[in-house]
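In full-length UniProt numbering, the protein residues as written are 4 to 290. For every residue, glycine included, the Cβ atom is placed at its ideal position computed from N, Cα and C.
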Amino acid sequence: QWIFLNGEFVRKEDAKISVYDHGFLYGDGIFEGIRVYNGNIFRMKEHMDRLYESGRSILLNMPYSQKELTELVIKTVEKNGLRDAYIRLVVSRGPGDLGLDPYKCPNANVVIIVEPLAIFPKQLYETGIDIVTVPTRRNRPDVLSPKVKSLNYLNNILVKIEAHLANVSEALMLNDQGYVAEGSADNVFIYKKGKLLTPPGYIGALEGITRNAIIDIAKELGYDVAEEPFTRHDVYTAEEVFLTGTAAEVIAVVKVDGRVIGDGVPGEHTSHLLKQFRKKVIEEGEK
Ligand code: PLP
Numbered sequence: 004q005w006i007f008l009n010g011e012f013v014r015k016e017d018a019k020i021s022v023y024d025h026g027f028l029y030g031d032g033i034f035e036g037i038r039v040y041n042g043n044i045f046r047m048k049e050h051m052d053r054l055y056e057s058g059r060s061i062l063l064n065m066p067y068s069q070k071e072l073t074e075l076v077i078k079t080v081e082k083n084g085l086r087d088a089y090i091r092l093v094v095s096r097g098p099g100d101l102g103l104d105p106y107k108c109p110n111a112n113v114v115i116i117v118e119p120l121a122i123f124p125k126q127l128y129e130t131g132i133d134i135v136t137v138p139t140r141r142n143r144p145d146v147l148s149p150k151v152k153s154l155n156y157l158n159n160i161l162v163k164i165e166a167h168l169a170n171v172s173e174a175l176m177l178n179d180q181g182y183v184a185e186g187s188a189d190n191v192f193i194y195k196k197g198k199l200l201t202p203p204g205y206i207g208a209l210e211g212i213t214r215n216a217i218i219d220i221a222k223e224l225g226y227d228v229a230e231e232p233f234t235r236h237d238v239y240t241a242e243e244v245f246l247t248g249t250a251a252e253v254i255a256v257v258k259v260d261g262r263v264i265g266d267g268v269p270g271e272h273t274s275h276l277l278k279q280f281r282k283k284v285i286e287e288g289e290k
């Protein structure tokens, strides 16, 4: 396995950065998680746009142009010889001193990791998952925009811990007003009475690339799709609930806070959208 580290390809065991890196000291940096399907990088431009927008938003000087970094990601995938893979692209503020000052970190660290896919157990897609809602809230969009995919994942980690404490694998976070925002690393959709809803970005959800692909697919299929705020009540009484993300793709949720969703098995719309999503990722690569 070859890791891209600041302009060089190094072996995994040699891929090391300074303990003074502000990504390590303060979570100061940004990242992307991207999928390679059948040798093609899915929605590469969207991921790179989001990364560069995140960088601009937090005033992180990117050491490569978007075009250069895009090419480096492609090169890293090729170097690892993988046709189905998960890419982790990380840009941290880089090493500085122990103070917070990002102006003392002139050299960002750029890391590209490409790994074989650790696909979620097939069984989870057949049975659906059981989730809970947790006390940890999504940060307010005016404090740190959820559009910034930053290395500050402490609230997401707390969500994961709270899920584990409740003996489930995933959980939903609400925003400060109590509207449903998203999972620890996935977006959420509900289907009810012919309408497919997902929270808008301003509620405090990351505008996931998978989420956006599902919105596109659902529209093409003629669904009535909207980005609208909703509450836990709407989730509990939905006919179908599912989560979307680069790693999970589309996964059905069959129980939320002990309330059984629909018939307690993955619903027809969720299954249909997953099938269409898997078709689309291959089709887009063939274009
Ligand atoms: N929400 C959060 C907080 C995430 O970290 C992620 C993905 O990493 C998502 C949603 C899903 O986004 P995407 O579909 O771009 O992977």
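The closest CA to that of I264, considering only G288, A251, E243, A250, is found on E243. The beta-bridge partner set that DSSP reports for M176 consists of E185.
When A216, R235, T234, Y239 are compared, the shortest CA-CA separation from V228 is found for A216. By a beta-carbon distance limit of 8 Å, V39 contacts D87. Their separation comes to about 6 Å. Scanning the segment 55-108 from its first residue to its last, the whole beta strand (DSSP E) runs of 3-plus residues come out as 88-95. Exclusion of I132 from the 7 Å shell around the ligand PLP follows from its C-beta lying no nearer than that to any non-hydrogen atom of the ligand. Selection Y239, V191, K283 evaluated against I254 yields V191 as nearest (Cα-Cα). Annotation for L209 indicates a beta carbon within 7 Å of some heavy atom of the ligand PLP. When the beta-carbon positions are compared, N158 and M176 come within less than 8 Å of each other.
The three-state secondary structure of Y194, taken from DSSP, is strand. Straight-line measurement puts the Cα of S95 at about 20 Å from the Cα of K78. Counting only runs of 4+ residues, the alpha helix (DSSP H) found wholly inside the segment 210-245 occupies 212-223, 235-239, in chain order. DSSP places K258 inside the beta strand (DSSP E), whose first and last residues are 252-259.
Here D133 is buried. Its C-beta has 16 or more other C-beta atoms within 10 Å. By the Cβ neighbour-count rule, Y106 is exposed, with fewer than 16 other Cβ atoms within 10 Å of its own. In this model, C108 and E118 are separated by some 29 Å (Cα to Cα). The secondary-structure analysis by DSSP pairs G32 across a beta bridge with S95. Taking 7 Å as the cut-off, the C-beta of E185 counts as close to a heavy atom of the ligand PLP. Taking P144 as the centre and dropping the five residues before and after it, the same chain places the C-beta of Y205, G207 closer than 7 Å to its C-beta, in chain order. Checking the 7 Å criterion, the Cβ of I77 is out of range of every heavy atom belonging to the ligand PLP. Residue range 271-289 is occupied by the alpha helix (DSSP H) that includes F280. In this structure, the C-beta of G248 approaches the ligand PLP to less than 7 Å from one of its heavy atoms.
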